[in-house]
Amino acid sequence: MVAAELISSKSPRVSAARRLAKRNFRGKERLFLAEGPQAVREAAGHADTLVELFATVDAAERYADIVAEARAAGAKVHLADEDVIADISTTVTPQGLVGVCRFLDTPFEEILAARPRLVAVLAHVRDPGNAGTVLRCADAAGAEAVILTDASVDLYNPKAVRASVGSHFHLPVAVGVPVERAVQGLKDAGVRILAADGAGEDDLDTELDKGTMGTPTAWIFGNEAWGLPEETRALADAVVRVPIHGRAESLNLATAAAVCLYASARAQRAAGGCRSVTSS
């Protein structure tokens, strides 16, 4: 391994990977970067996704199992020195593994055809770290899909990929869907639409107490700074706020999304909707 030839920093493969830090090149090539052992392992395990892997000699030895999985998945493995990895990577402290992956997004129609029971819709979400974290929360809560509207951040932004910690490879994600189309399509598929908004008429506790959250549900989450516009709130079956029982001014987007998605997940797993917590 140590004696293996290292790829040159002037290689066309290195130049092509470096360009994927920019959205226009990602869109043109339909390729994106997955950095670090967790993301690369997930990519290698996702059929026909990992195209290339750049690895330092040290990382290739430390994560020999991941490199073997990458090769088994058909990816071309390039050994590189740390300067080359740093040049490709978008992180301050690269972990020695950078994968080049094919786009993963799923057509919106396929998501609807699967009759999802829990969906997160990101409308006007602009921060890639928040988008990736909400994707991770949706994955953890057992959601069947995530939808990014046409006004939201790029799913394949390196910060979004890092924040998802591998969840990009776990559940279907549709991108570039106009919010009106997303809502109407989900409603036609029998999904109840809840808009998460701090100024909502109902609060999450009330929704849980009513026992209505066991049905198929899509949560719409809005922009980090100004929430959801009135025209988007008007599309929802209910506008719901997360109750603040303490003195905090508000919750950030990712935290609110986690609370809402887990509330729906619990309600859907309880017989007949949400179980009341009472002593027997």
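Numbering (my numbering) for the sequence shown: 103 to 382. Think of the CB as a built atom: it goes at the ideal place given N, C-alpha and C, for glycine as much as any other residue. Computed from a prediction, not measured in an experiment: that's the story for all the values here.
- Contact check for R204 against T151 passes: the beta carbons are separated by less than 8 Å.
- Residue pairing of N354 in beta bridges, as defined by DSSP: absent, with no partner found.
- The Cβ atoms of R128 and L122 sit closer than 8 Å to each other.
- DSSP places D229 outside both helix and strand once states are collapsed to three, so it counts as coil.
- In this structure, the CA atom of A253 is about 15 Å from the CA atom of A262.
- For E212, the enclosing alpha helix (DSSP H) covers residues F210 to A215.
- Beta-carbon to beta-carbon, V361 and L306 are separated by about 7 Å, close enough to satisfy the 8 Å threshold.
- Judged by pairs of C-beta atoms under 8 Å, the segment 128-141 touches the segment 203-222, as three or more such pairs exist.
- Within the segment 154-202, the complete beta strand (DSSP E) runs of at least 3 residues fall at 178-182.
- Non-local beta-carbon contacts of T192 in its own chain, meaning distances under 6 Å to residues more than five positions away in sequence, involve A123 and P260 in chain order.
- Going by C-alpha positions, E107 is about 7 Å away from L181.
- Contact check for E282 against L337 passes: the beta carbons are separated by less than 8 Å.
- In the structure shown, D305 adopts extended strand secondary structure according to DSSP, grouped into three states.
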